[in-house]
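Sequential numbering of the sequence shown, starting at 31, is according to the working numbering. One structure is given below, encoded as structure tokens.
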Amino acid sequence: MPNHRPCRIFGNQDSQALKSIVAEGEVRKSNYRPEIDGLRALAVIAVIVNHINKNAMPSGYLGVDIFFVMSGFVITSSLANHRSESLQDFFLGFYARRLKRLIPALALFTVITSLLICFFNPEPYNELGLAWKGMFGISNLSLYGSATDYFASSTELNPFTHTWSLGVEEQFYLVYPFLIWFSGFGRATVRGESNLLWVTGLLSVASLIGFLYLYQVNQPAAYFLMPPRFWEIGAGSLLFLGLRHPSQLLRWTESLPPLAVAACLVAILWLPLELAVIGTLAVVIATAVLIACLRKGTLMYAVLTNDKITYIGLISYSLYLWHWGILSISRWTIGIRWWSIPVQVALMLALGILSYRYVETPLRRAEWSAMRWKTIGFAISASAGTAGLVIGLQRLPISLYTGEQLELAARGVESLLQKFTLSGTGRAWQGRPCVLTENSEAGKIITSAGCTLGDPGKAKRRVLVLGNSFSAAFVQAFSKLVKRDGYAITITSSWGASPVKGMDNFSAYKEVNTYYWEQVAPSLMKDLRRGDLVFLINDLSDLTPAADTGRAQRRRQQFKRGLEELSQELSSKGVHLAVLHGLPFAREANCKPVNAIPQWFRPPGNHCPIPNKEVSLVRRSKLDMILREQERTRKITVVDLFDIFCSRKECTYLGRDGEVLYRDEHSHPSVEAARLSANAIRKALMAQ
């Protein structure tokens with residue numbers, strides 16, 4: 031075993047090694063750095079562990095960021111070794127190499143996984159849509175466009191979500207070669223390296239500033255888009271360029287032992303998710319420092335260049351593709367359990383090895399055509415052909431689903447916008463006109479006319495329902511109040527809205543949330559008379575996370591103040607305030623409703639596990655204290671439906687008599703659950 035010693039970048043022993051790695055224009059196979067593949071192994075293992083169980087390595091997802099840094103380093107090194115005299119030669123060579131590297135394994139994965147998901151998902155349209163977009167490197171744009179939270183349960187059910195990172199890299203590849211060429215670096219001009227260093231540095235600084243800003247105001251943009259990620263790949267590029275012309279900053283690394291740097295890198299992977307920004311910055315810095323200081327003769331070099339470790343690094347691309355597909359399909363079928371994990375990991379390795387050995391490697395090394403533009407054409411054709419097959423699956427007139435269909439009155443987020451006509455009243459809730467679904471709808475006029483069940487002019491009492499998407503889920507809970515008791519119920523909703531005005535809103539709906547609470551809600555409350563009610567219906571689960579955080583504590587205090595201010599405002603007008611209490615933490619089940627019912631491909635048992643009643647009630651106790659305190663002082667009425675949604679010791683997706691309680695993986699209550707809740711809601715509201 032080599033002796034452990036500190037990094038030395040500029041010692042006599044290392045100077046020749048450094049020259050062999052980064053000497054300008056040299057093209058030698060000895061430039062291969064096996065420790066880079068060792069780092070790839072660390073990165074992909076971290077990602078896999080995190081995706082199997084987030085609690086096992088909370089920041090293991092930062093393995094993708096390690097990949098980004100290494101990508102920048104390796105790509106710049108590769109382009110330094112492929113100097114060209116003509117623009118055409120440079121670009122054709124670069125894109126031919128990249129496409130041969132990426133497309134074959136991706137196409138194989140996409141075709142097989144697309145077919146499999148059709149067998150186990152009765153409605154795979156969204157999954158297949160992301161699949162074909164991934165073939166063109168735009169799945170990250172699709173995820174951003176739908177404002178999907180990468181850390182939400184719904185993404186775990188889509189076997190193509192992880193292709194977002196390929197999209198970021200491929201979009202980087204559309205930009206970076208231009209910087210390489212027009213800076214002069216790709217033509218080996220005198221000031222080429224200096225120009226590239228400055229341009230990449232400035233763009234990376236701008237990208238980092240954008241990332242830090244967007245993470246506070248628009249997390250999906252910070253996560254999924256290439257510009258806020260440019261700085262991470264740029265860091266690898268800057269590292270390569272810096273090693274060619276060492277600065278005082280790089281000399282500082284010679285005093286750092288690689289083992290200590292690696293230990294810091296691994297420790298970062300256990301940071302809590304709440305420190306995501308710090309973790310991202312730290313992991314990029316630690317990766318760059320480790321790449322810079324790793325040299326032969328150190329213990330860490332010996333570990334990372336172990337044959338088994340480097341082999342995992344070599345297959346890391348195929349392994350990355352298949353690991354998520356296997357985990358996602360497993361969530362649709364057998365689940366991820368202690369007894370299944372060894373089998374699932376073995377399957378990941380087997381498919382990764384097969385893909386690397388029989389698809390990725392031979393096709394990357396093969397000469398597809400003597401003319402590189404034809405090679406590029408073949409790759410694009412393969413992408414288009416794969417996308418065409420997937421689109422064909424999307425549009426099949428018959429379903430390939432092999433399981434039992436689920437009977438629900440309405441399913442999916444889209445059903446929250448469906449019109450509901452209350453029989454015997456001639457009144458209808460119009461759906462979409464009553465809901466704000468995106469930031470661009472700030473300014474949309476919402477009136478009570480098309481959003482009210484019952485006749486406001488003749489009603490004994492009017493109730494204004496305000497809230498996030500949960501309020502739309504309860505539209506059918508008010509039928510008895512309208513038909514039997516003469517109430518008029520106006521229901522509005524704003525996706526991602528805060529439970530009350532004045533709370534921090536970190537969702538992708540920040541702008542429309544502000545509009546909802548500052549414009550829509552006040553305008554509707556003006557129509558209320560003495561004796562009327564405002565009923566707040568929201569998903570309150572983020573106020574009581576499993577691991578309490580400073581953010582959650584702060585938001586609970588904001589919630590308390592907001593309730594007090596709203597109740598005082600309404601009380602001065604003789605209007606009462608009712609609040610829906612927190613429901614079971616169903617979103618944590620990572621389940622679509624169809625996963626809750628028995629299927630031939632799923633072993634017996636609860637496949638949509640939710641924290642049990644005891645755990646859930648303990649978790650929401652801090653919220654309970656806030657609500658009950660205000661209820662005791664007669665400021666609000668608390669409507670608690672917990673026992674309806676969790677009728678036994680174990681909370682599940684099913685009600686006492688087998689009713690499916692949720693319409694989607696986002697824990698929106700089903701129509702059936704809303705109807706089950708009707709009597710409890712009626713009793714609570716009529717008591718005021």
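Glycine residues also receive a C-beta, built at the ideal position from the N, C-alpha and C atoms.
For His696, no beta strand (DSSP E) segment is defined, and its DSSP state is neither H nor E. If only complete runs of 4 or more residues are kept, the segment 318–376 shows the alpha helix (DSSP H) at 329–334, 337–344 and 346–362, in order along the chain. Using a Cβ distance threshold of 8 Å, Ala518 and Arg560 do not count as a contacting pair. Annotation note: the segment 402–432 contains the following uninterrupted alpha helix (DSSP H) runs of length 4 or greater, listed N- to C-terminal: 402–424. Burial state of Lys556 is exposed, judged by a 10 Å Cβ sphere holding fewer than 16 other Cβ atoms. Exposed is the label assigned to Asp337, since fewer than 16 other Cβ atoms lie within 10 Å of its Cβ. In summary, Ala73 is buried, with 16 or more beta-carbon neighbours lying within 10 Å of its beta-carbon over all protein chains present. The beta carbon of Trp261 lies closer than 7 Å to those of Ser234, Ser237, Leu238 and Phe241 in the same chain, with the five residues before and after it left out. In the DSSP assignment, Tyr517 falls within the beta strand (DSSP E) that extends over Tyr517 to Ile521. The shortest CA-to-CA distance from Ser108 to any of Tyr245, Ser195 and Pro207 is the one to Pro207. For Arg678, the three-state secondary structure derived from DSSP is coil.
As summarised for the segment 567–619, the continuous alpha helix (DSSP H) elements at least 4 residues long and confined to that stretch are 580–601, given in chain order. DSSP places Thr451 outside any alpha helix (DSSP H); the residue lies instead in the beta strand (DSSP E), whose first and last residues are Phe450 to Leu452. With contact defined as three or more Cβ pairs closer than 8 Å, the segment 614–626 and the segment 652–659 are not in contact. In the structure shown, Val99 adopts helical secondary structure according to DSSP, grouped into three states. Comparing C-alpha distances from Ser601 to each of Cys621, Pro639, Asp562 and Arg585 shows the shortest one belongs to Asp562. Within 10 angstroms of the beta-carbon of Leu426 lie fewer than 16 other beta-carbons, which makes it exposed. Between Val99 and Gly266 the beta-carbon gap is near 4 Å, inside 8 Å, which marks them as a contact.
Per DSSP, the beta bridge partners of Thr667 are Ala608.
In this structure, the straight-line span from the alpha carbon of His696 to that of Gly456 is close to 32 Å. With respect to the 8 Å criterion, Ser509 and Leu466 are not classified as neighbours on the basis of their beta carbons. Shown here, Ala439 sits in coil according to DSSP, grouped into three states, outside any helix or strand. It is roughly 30 Å from the alpha-carbon of Leu305 to the alpha-carbon of Gln374. Between the alpha carbons of Asn709 and Leu684 lies a distance of about 19 Å. Partner residues in the beta bridge of Gly497, as assigned by DSSP, are Ile567. Inter-residue distance for Gly175 and Leu160 is about 12 Å (C-alpha atoms, whole angstroms). With respect to the C-alpha of Leu227, the residue from Ile210, Tyr243 and Arg217 having the closest C-alpha is Ile210. Distance from the Cα of Ile371 is smallest, within the candidate group Tyr203, Ser399, Leu158 and His81, for His81. For Thr416, the closest of Met165, Tyr91 and Met716 by C-alpha to C-alpha distance is Met165. Thr391 carries a helical assignment under DSSP once its states are collapsed to helix, strand and coil. The residue from Leu715, Leu204, Tyr91 and Lys130 with its alpha-carbon nearest to that of Lys490 is Leu715. Under DSSP, Trp459 forms a beta bridge with Phe450.
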